[in-house]
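Single-structure report; data block below.
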Amino acid sequence: MTATLDSQRYCPPPPVTHGDRIAWWDVTVAEVPGYRPLTLDLFRPTAVGHPLPLIVWIHGGGWLFGGNKDAAHGRIADRILAAGFAVARVTYRLSAEARFPAQLHDVKAAVRWLRRNAAGLGLDPSRFGVWGESAGGHLAALIALTGDDPDPALTGRSGVPGVSDAVQSAVLWYAPSNLLSMAAQNHPEGRPDHDAPGSPESRLVGGPVQELPAESAAASPVTYVTGDAPPMLLLHGADDRTVPAGQSEELHDRLAALSAPVCLRLIPGAGHRFTGVDLDPLISGSLQHFTATLS
Numbered sequence: 511m512t513a514t515l516d517s518q519r520y521c522p523p524p525p526v527t528h529g530d531r532i533a534w535w536d537v538t539v540a541e542v543p544g545y546r547p548l549t550l551d552l553f554r555p556t557a558v559g560h561p562l563p564l565i566v567w568i569h570g571g572g573w574l575f576g577g578n579k580d581a582a583h584g585r586i587a588d589r590i591l592a593a594g595f596a597v598a599r600v601t602y603r604l605s606a607e608a609r610f611p612a613q614l615h616d617v618k619a620a621v622r623w624l625r626r627n628a629a630g631l632g633l634d635p636s637r638f639g640v641w642g643e644s645a646g647g648h649l650a651a652l653i654a655l656t657g658d659d660p661d662p663a664l665t666g667r668s669g670v671p672g673v674s675d676a677v678q679s680a681v682l683w684y685a686p687s688n689l690l691s692m693a694a695q696n697h698p699e700g701r702p703d704h705d706a707p708g709s710p711e712s713r714l715v716g717g718p719v720q721e722l723p724a725e726s727a728a729a730s731p732v733t734y735v736t737g738d739a740p741p742m743l744l745l746h747g748a749d750d751r752t753v754p755a756g757q758s759e760e761l762h763d764r765l766a767a768l769s770a771p772v773c774l775r776l777i778p779g780a781g782h783r784f785t786g787v788d789l790d791p792l793i794s795g796s797l798q799h800f801t802a803t804l805s
């Protein structure tokens, strides 16, 4: 059972000015009975007075680990702000807390809360982008591909109701896109065995992915591909041994076949989390995508 968020009770708290930015810390955006409150941190530059486009950042960690305050995310948030965007770092329930689609429900609840409160937060509700890495990229892809889907199995009932959860642009870093094909695409030296009962993907859906094909397909972004997808940039390390690069290739090919606006960049020599290469050009390229699509 979920609870509908009281939009009057959960109004944005007063912001805090911190150097070159205005910050809202640990804002509760939704509550689901029996679980911790779902929160986000929001930042926008102090020097800009007009409504800004927003980038929603979703952390990775195999749906098992991580959080929105990881140190590496602060570096990316700094770059987002410097490029003239606001940035929200969201949280979601991990797979040991709840099975899919809880994670999608949680990030969609955050998008709806941000859009409902956009005027008071200095955001442009017509220019929302989403950016995620690894498991966060998987959720970013699902948000981009299922925006405003009326199916409650995808949308959920937590948080602010009656508000669009669509985004207008997406960047996916080394993201799973088809849970059923990951093992077949695995790097020769790849890990883990994605079909194993204890794999991150199996934990996400509640059992071995090949034994739960309907649940695994429902959790796979490729299932929701249409020609109406928002502009998407896919970046993946060619030497990724955790999430095979074939995952981004598969999503790209399905989108391109329907003439959806999509671009794929395979990064030579890069492993998972872009180990082995300079991250700065990849951040810059991602921000250029958002500048081009959210301007």
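With positions in the sequence shown counted from 1, the corresponding number in this note's numbering is that position plus 510. Backbone N, C-alpha and C fix where the C-beta goes; we use that ideal spot for every residue, glycine too.
Between Ala629, Tyr602, Ile793 and Arg625, which lies nearest to Val617 when the distance is taken from Cα to Cα?
By alpha-carbon distance to Val617, the top candidate from Ala629, Tyr602, Ile793 and Arg625 is Tyr602.
Could you tell me which residues DSSP pairs with Ile793 in its beta bridges?
Answer is none; Ile793 lacks a bridge partner.
Could you please give the first and the last residue of the uninterrupted alpha helix (DSSP H) stretch that includes Pro710?
Pro710 to Val715 is the extent of the alpha helix (DSSP H) around Pro710.
Given a cut-off of 9 Å on the beta-carbon distance, is the pair Phe784 and Leu744 in contact?
With respect to the 9 Å criterion, Phe784 and Leu744 are not classified as neighbours on the basis of their beta carbons.
Where Pro723 and Leu690 are concerned, what is the direct C-alpha to C-alpha distance, given to the nearest angstrom?
Between Pro723 and Leu690, the C-alpha separation is close to 7 Å.
Would you kindly report the start and end of the unbroken alpha helix (DSSP H) that includes Leu689?
Counting along the chain, Leu689 falls outside any alpha helix (DSSP H), and DSSP gives it neither H nor E.
With three or more beta-carbon pairs closer than 8 Å as the criterion, would you say the stretch 678-687 touches the stretch 787-805?
In short, these stretches touch, since the Cβ pair count reaches three.
In DSSP terms, what His746 is bridged to:
The partner list for His746 (beta bridge, DSSP) reads Leu776.
With a threshold of 16 other CB atoms inside 10 Å of the CB of Asp675, please say whether the residue is buried or exposed.
Buried: at least 16 other Cβ atoms inside 10 Å.
Which one or two residues does DSSP pair with Ser726 in a beta bridge?
Beta-bridge pairing links Ser726 to no other residue.
For Cys521, does the three-state DSSP call read helix, strand or coil?
Of the three classes helix, strand and coil, the one that applies to Cys521 here is coil, per DSSP.
Could you spell out where the beta strand (DSSP E) holding Arg546 opens and where it closes?
Boundaries cannot be given for Arg546, as no beta strand (DSSP E) includes it and DSSP labels it neither H nor E.
Given 8 Å, three or more beta-carbon pairs between the stretch 524-531 and the stretch 548-561:
With a cut-off of 8 Å, the stretch 548-561 and the stretch 524-531 count as touching, because enough Cβ pairs lie within range.
Grab the span of the alpha helix (DSSP H) containing Glu759 for me, first residue to last.
Start and end: Gly756 to Ala767.
Could you give the first and the last residue of the continuous beta strand (DSSP E) run that contains Pro487?
Past the edges of the chain, shown from 511 to 805, lies residue 487, and the structure says nothing about it.
Skipping 5 residues on each side, what residues in its chain have a beta carbon closer than 6 Å to that of Pro771?
Closer than 6 Å at Cβ, skipping near neighbours: Pro741.
Please report the distance separating the alpha-carbon of Thr538 from that of Tyr520.
Cα to Cα, the separation comes out at about 7 Å.
DSSP on Pro563, reduced to helix/strand/coil?
Three-state result, Pro563: strand.
Within 10 angstroms of its Cβ, does Ala560 collect 16 or more other Cβ (buried), or is it exposed?
The identity of residue 560 in the sequence shown is His, whereas the question assumes Ala. A residue is called buried once 16 or more other Cβ atoms fall within 10 Å of its Cβ, and His560, having fewer, is exposed.
DSSP puts Val735 in a beta bridge; with which residues?
According to DSSP, Val735 bridges with nothing at all.
Compare the beta carbon distance of Leu649 and Leu614 with 9 Å and say whether it is the shorter of the two.
Contact flag set, yes.
Among Trp683, Asp703 and Ser730, which has the Cα closest to the Cα of His792?
Note that residue 792 is Leu in the sequence shown, not His. The shortest C-alpha separation from Leu792 is found at Trp683.
Coarse secondary structure for Asp530, derived from DSSP in three states
DSSP places Asp530 in coil when its eight states are reduced to three.
Measure the alpha-carbon distance for Glu760 versus Pro754 and round it to whole angstroms.
CA-to-CA, the gap between Glu760 and Pro754 works out to about 10 Å.
Contacting residues, own chain, Cβ-Cβ under 7 Å from Asn627 (five flanking each side not counted):
Counting only residues of its own chain and dropping the five nearest sequence neighbours on each side, Asn627 has a CB closer than 7 Å to the CB of Pro522.
Span separating the alpha-carbon of Ala739 from that of Thr527:
The alpha-carbon of Ala739 is positioned some 36 Å away from that of Thr527.
Please identify the residue among Gly570, Ala612, Ala587 and Pro660 whose C-alpha is closest to the C-alpha of Tyr545.
Per the Cα distances, Ala612.
Per DSSP, Trp683 is paired with what?
Under the DSSP definition of a beta bridge, Trp683 partners with Glu643 and Leu745.
In angstroms, rounded to a whole number, what distance separates the CA positions of Gly646 and Gly572?
Cα to Cα, the separation comes out at about 8 Å.
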